[in-house]
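Student: Quick one: the structure is below, questions incoming.
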Amino acid sequence: MRATVLRTQVIAAARRPGRLILTGLAVLVASFVVFGVVLAQDITERTARDTLSDTPAATDLVIGDPEQPPPALTALHAVRAVPGVVEAVGRVTIGVSVGGGYVNLQADPGTGPLATVRLVQGSYPDRPGEIAVSPRTVERMGLTVGTVTTGRGGELGTETPLTVTGVVDTPADDGANAYAPDDVVAGWAHLSSVERIDLRAAPGATQTVRQRLTTTVPAGVPVRSGAEVRDTEADAAAEQVGRLFALVGMFVGIAVAAAALVVTSTFRIVFAQRMQHLALLRAVGAGRGALVGALTAEGALTGLVAGVVGVAAALAVGQALPPLLRALGTVVSSPGLPLTAAVAVVVGAVVLTVAAVLAPAFSAARVSPLEALRAASVTAGRRGIGPARLVFGVLLVLGALLAGVAAVRRMPTPDAESYDPMAGLLLLVASGALAFFALVALGPLLVRPVLAVAGWPLRQLGALGRLAVSGIGGTPRRAAAVSVVVALGVTLISGVIIGGASMRVVADRDLALSAPADFEVASSEGASLPVAVLARARTTSAALARAVPYRMVHDVALSRDGKRLGDAEVGFSTTDLDLSALPTLADLPVAQGSLADRGPGRVVLGDQVARVTGLRAGDTVTLGRDTSTVEVRVAAVLPGRGPLYAGILANRADLDRIGGPTAYTGLLADAARTGEDGRTAGVRALRQAIGTAAGLHISVLADERDRNDAVLSALVWITAGLVGLTVLIAVVGVGSTTALSVVERVRESGLLRAVGLSRAGLRTMLTVESGLYGVIGATFGLLLGVPYAWLAVRALGLDAPLTLPVLPLVGLFAALVGLTALAGVLPARRAARVSPVAALGVEG
């Protein structure tokens, strides 16, 4: 009998592949995502290996290693004389001060197989004092072909002439790149060594040359093959890729768990629809064990089909995408064919589905034949939960609260000097996991109050609204099972949104202090900013919106009652920068006091200075420099460091009283126009303003802001995208649940149509029901996501305020409701197409 039941169930399932795919749709999507991530990692690693190595493909041997002493310049000359060596080039990079800025001067042959740059204008340098620059360096620094300037770098003690002879195309151009052959760089900078030596050997002579080098290269200097070095560089890049995808794997695991919840709910609906059939099997002698085995086998078949289809779809997309990207100009390597991973994903899909089907299978098998024959949806329509589940849910809530309280107690205090966030974060993860499982356990009870509030506006709209709300309220266990998956996705995404917004507040605050303007003109040690430079900068309104000078000293002491405060031996950096003159600094947040209170006799301290000195807003302290002192009051304490990394912000008059420099030491300026053209015009205007003044250099602080902003934005969007996998699974679950619910409620739909409900009305009712899954899930998700996101930010020790981005959260809520409603559109259209006569003729 057991074999007969098993065969009957499996054959019946196999004859309806559409129902099979619909039941396992969440597993299909999860299989697609998991195998897609495997292929994405393979593509990324192969691309990294193919494109991210700094060693040219023509390099046969490399002499030197970053962990070892560098090869001497004499070794380079000796290597070139070794028989079989066709070409040998030294690689070295030095920082060079050039005309008020800095460039990275790199040794590169410029031509031939070992060159990494390509000449596009002028001629490549061939004598000491000549350089070629990148196109962006030309724009930013005005170093056009033929420009003669001065520079100092390497082992040079004084500035010597530099002539720009050409412009080269480079792999990466950050606006501060210069190139010349190794002998030109070494001769100009008086270098005695290079970082490494790359060489090409005659065809077939690589091993012979390597043996000969043992008598030429000093002992302790390694000789490696070019392929080995390229593999090492690529492996380093691939290792970073591996770490990234380890993080991706965590989010994929969450998505897989969500798929398991969706599949469990789906099988409950499917088995509830077939209670009459299962009861007949029980009536003719099938035992509960036989039914459980048959239903589990059906789940295994569903997982197998869904896994195979998901893996095949991911493989098709993974193989087709790289050629398409290459055709669009993006260099991307094609993936291999990871058969082992494919088989593992399919097996995992089967195991996942079997695990998800066990609870519904046991539940369906426990129903007696008489009870099952009475109605098809009794099990699905149960409204409450048992005492054991209630007690278990309450225990989970208590566990989540205890773990949360323990995490709060580990939060950093304002005076904490060292803090390890790992323990607090782990406790928060444990608390969040317990809270989510508590939601799973108590969901059917929690659905009712949420639905009562969320459904009130719908009930006021008439019969359709009341029918939609009652359709969800009539099956609270099903509503809870689907909504908790939506809640998981909303919790994670809302956490990312809130955490990202809080981190952006901190990042914007830190950048406003470290890079408060687009440009900085700073003087070298002992130099000052001529008044004429400031005057010229202020007259170039077409390129510069503002120019704000400042003074900076690094030896100011703080004392009270004759006792020096803090442990700084030299003193604290102090500036008299006018905060009100710069828009980015006008509204700085403060940890204590008020910036409006600053003025003569009052100072603002950075958090670190306040911490090491024990000073607070309102305290009186003495500023001292050499023998001059002035008594001041602390007006405010900033939550981070002070502007331009200064620990103390003093008034100009107070800085004069303690013997501050009479001349400015630097200035900050903003570009009059946005974008790269505006920055280029600003840099050129500042260079014209500097003119022949010595000891001044220009830094483009706006580039630093852009890099940090890009990194933070990419981090937030990548994390949100990964978390979105869970939302995708949830939406699929809503769609499959609605589709199966339509089949279950054919007679109900027919009766509604028979009493006068139009097709459009039926479609609207079912679509609104699907949207209510999103309303309930999004409500649960926000109630969990907001507090846990705030606690996570606090646990990281970022000293960020709780930022509640209302519009993005409202948008997230609306988007989830819209997506879940959209998931019910097709099933609703299908239900509306069935005629009332045919629907009423269907057996329950």
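Quick note: the sequence shown uses the numbering used here, first residue 701, plus one each step. C-beta atoms are modelled at their ideal positions from N, C-alpha and C, and glycine is treated no differently.
1. Does the beta-carbon distance from Ala1222 to Gly1359 come in below 8 Å?
2. If we count Cβ pairs, one from each stretch, closer than 8 Å, do we get three or more for the region 1392–1403 versus the region 1178–1187?
3. Could you name the residues of the same chain whose beta carbon sits closer than 8 Å to that of Val1045, not counting the 5 residues immediately before and after it, in chain order?
4. So Ala1179 and Ile1476 are supposed to be a Cβ contact under 8 Å. How far apart are they, rounded?
5. Ignoring anything shorter than 3 residues, give me the beta strand (DSSP E) runs that lie fully in the region 835–903, in order along the chain.
6. Count the other C-beta atoms from every protein chain shown that fall within 10 angstroms of the C-beta of Ala960, then say buried if there are 16 or more, exposed otherwise.
7. Classify Thr1079 as helix, strand or coil using the three-state DSSP reduction.
8. Nearest by alpha-carbon distance to Arg746: which of Ala1371, Glu933, Pro871, Phe967 is it?
9. Short of 8 Å in beta carbon distance, which residues of its chain neighbour Leu773, apart from the five on each side in sequence? Order them along the chain.
10. So Arg1341 is in the beta strand (DSSP E); what residue range does that whole segment cover?
11. Which one or two residues does DSSP pair with Gln806 in a beta bridge?
12. For Val1078, which residues from the same chain have a beta carbon less than 6 Å from its beta carbon, with the 5 sequence-adjacent residues on both sides left out?
13. Grab me the residues of Gly999's own chain with a C-beta within less than 6 Å of its C-beta, minus the 5 sequence neighbours each way, in chain order.
14. For Ser1202, I'd like the list of residues in its chain whose CB is within less than 6 Å of its CB, leaving aside the five on either flank, ordered along the chain.
15. Between the region 1269–1286 and the region 1243–1260, are three or more C-beta pairs nearer than 8 Å?
16. Could you tell me the alpha carbon to alpha carbon distance between Gly784 and Arg910, rounded to whole angstroms?
17. Hey, Val929 and Val762 are a contact pair by Cβ (cut 8 Å); roughly how many whole angstroms apart?
18. Does the beta-carbon of Thr1374 have 16 or more other beta-carbons within 10 angstroms, so that it is buried, or is it exposed?
19. Does the distance from the CB of Val1332 to the CB of Ala1317 come in under 8 Å?
20. Going residue by residue through the region 1284–1356, where are the continuous alpha helix (DSSP H) segments of at least 4 residues, counting only ones entirely within it?
21. Quick check: the region 1464–1479 against the region 1523–1531, are there 3 or more CB pairs under 8 Å?
22. In chain order, what residues of the same chain lie with their CB nearer than 8 Å to the CB of Leu1146, ignoring the 5 residues before and after it?
23. With 16 as the cutoff for other CB atoms within 10 Å, does Ala1016 come out buried or exposed?
24. Quick one: Cα of Ala1123 to Cα of Gly1497, how far?
25. Quick one: is Ala1353 buried, meaning 16 or more other Cβ sit within 10 Å of its Cβ, or exposed?
26. Let me know if Val820 comes out buried or exposed under the rule of 16 or more other beta-carbons within 10 Å of its beta-carbon.
27. How is the beta strand (DSSP E) around Arg1371 delimited, first residue to last?
28. Gly1511 lies in the alpha helix (DSSP H); which residues open and close that run?
29. Using beta-carbon positions only, say whether Gly810 and Leu862 come within less than 8 Å of one another.
30. So, with DSSP's three-state summary, where would you put Val705?
31. Which partner residues of Gly801 appear in the DSSP bridge assignment?
32. So, do the region 1241–1250 and the region 1279–1294 have three or more beta carbon pairs nearer to each other than 8 Å?
33. For Val1383 and Val1153, I'd like the C-alpha separation in whole angstroms.
34. When you compare the CB positions of Val727 and Ala1049, do they come within less than 8 Å of one another, or not?
Tutor: With the given structure in hand:
1. Position 522 of the sequence shown, counted from the first residue, corresponds to residue 1222. Position 659 of the sequence shown, counted from the first residue, corresponds to residue 1359. No, Cβ-Cβ distance for Ala1222 and Gly1359 is not below 8 Å.
2. no
3. The count along the sequence shown starts at 1 and reaches residue 1045 at position 345. Within the same chain, Val1045 has close Cβ partners Ser731, Val734, Phe735, Val738, Gly1007, Gly1010, Val1011.
4. Here the question's residue 1179 lines up with position 479 in the sequence shown. Here the question's residue 1476 lines up with position 776 in the sequence shown. That pair is a contact at about 6 Å.
5. 848–853, 860–869, 877–880, 896–901
6. Position 260 of the sequence shown, counted from the start, is the residue given in the question as residue 960. It counts as buried.
7. Working through the sequence shown from its first residue, we reach residue 1079 at position 379. Since pLDDT at Thr1079 reaches only 41, below the 50 mark, its modelled position is unreliable, and no value is offered.
8. Your numbering for residue 746 matches position 46 in the sequence shown. Looking at the Cα atoms, Glu933 is the closest of the given residues.
9. Along the sequence shown, read from residue 1 onward, the residue named residue 773 stands at position 73. Cβ neighbours of Leu773 beyond the five flanking positions: Gly790, Ala886, Leu891, Ser892, Ser893, Val894.
10. Residue 1341 sits at position 641 when you count from the first residue of the sequence shown. Looking at the DSSP string, Arg1341 is not in any beta strand (DSSP E), and its letter there is neither H nor E.
11. Within the sequence shown, residue 806 is the residue found at index 106, counting from 1. Checking the DSSP bridge columns, you'll see Gln806 partnered with Thr793, Tyr879.
12. Here the question's residue 1078 lines up with position 378 in the sequence shown. The predicted position of Val1078 is uncertain, since its pLDDT is 40 and thus under 50; no value can be drawn from it.
13. The residue given as residue 999 occupies position 299 in the sequence shown. The residues are Thr1053, Val1054, Val1057.
14. The residue labelled residue 1202 in the question sits at position 502 within the sequence shown. Excluding residues within five positions, the ones whose Cβ falls inside 6 Å are Val1493, Ala1500, Thr1503.
15. yes
16. Counting from one through the sequence shown, the residue named residue 784 turns up at place 84. Counting from one through the sequence shown, the residue named residue 910 turns up at place 210. Going from the Cα of Gly784 to the Cα of Arg910 covers about 10 Å.
17. Taking the first residue of the sequence shown as 1, we reach residue 929 at position 229. Taking the first residue of the sequence shown as 1, we reach residue 762 at position 62. That belief holds up - the Cβ atoms of Val929 and Val762 are roughly 5 Å apart, short of 8 Å.
18. Looking up residue 1374 in the sequence shown gives position 674. Residue environment: Thr1374 is assigned as exposed (fewer than 16 neighbouring CB atoms within 10 Å of its CB, all protein chains considered).
19. In the sequence shown, counting from the first residue as 1, residue 1332 sits at position 632. In the sequence shown, counting from the first residue as 1, residue 1317 sits at position 617. For Val1332 and Ala1317, no; Cβs fall outside 8 Å.
20. 1307–1313
21. Verdict: yes, contact present.
22. In the sequence shown, the residue the question calls residue 1146 occupies position 446. Taken in chain order, the residues that qualify are Leu1139, Ala1180, Phe1480.
23. The sequence position of residue 1016 within the sequence shown is 316, counting from 1. The residue in question, Ala1016, is exposed, as its Cβ has fewer than 16 Cβ neighbours within 10 Å.
24. Taking the sequence shown and counting its residues from 1, one reaches residue 1123 at position 423. Taking the sequence shown and counting its residues from 1, one reaches residue 1497 at position 797. About 12 Å.
25. For the purposes of this step, residue 1353 is taken as residue 653 along the sequence shown, with counting starting at 1. Burial call: exposed.
26. Indexing the sequence shown from 1 puts residue 820 at position 120. Val820 is exposed by the Cβ-count criterion.
27. Translated into the one-based positions of the sequence shown, residue 1371 becomes position 671. Sequence check: residue 1371 is Ala here, not Arg. 1366–1371 is the span of the beta strand (DSSP E), which, as asked, contains Ala1371.
28. Here residue 1511 corresponds to residue number 811 of the sequence shown, with the count starting at 1. Segment 1506–1523, the alpha helix (DSSP H) holding Gly1511.
29. Working through the sequence shown from its first residue, we reach residue 810 at position 110. Working through the sequence shown from its first residue, we reach residue 862 at position 162. No, the pair does not count as a contact, with Cβ atoms beyond the cut-off.
30. As a first step, residue 705 must be located in the sequence shown, where it is residue number 5. A caution first: Val705 carries a pLDDT of 49, below 50, which makes its placement in the model too unreliable to give a value.
31. Position 101 of the sequence shown holds residue 801. Gly801 pairs with Val798.
32. yes
33. Along the sequence shown, one-based indexing puts residue 1383 at 683. Along the sequence shown, one-based indexing puts residue 1153 at 453. Cα to Cα, Val1383 sits roughly 59 Å from Val1153.
34. The residue labelled residue 727 in the question sits at position 27 within the sequence shown. The residue labelled residue 1049 in the question sits at position 349 within the sequence shown. Against a cut-off of 8 Å, the Cβ pair of Ala1049 and Val727 comes out as a contact.
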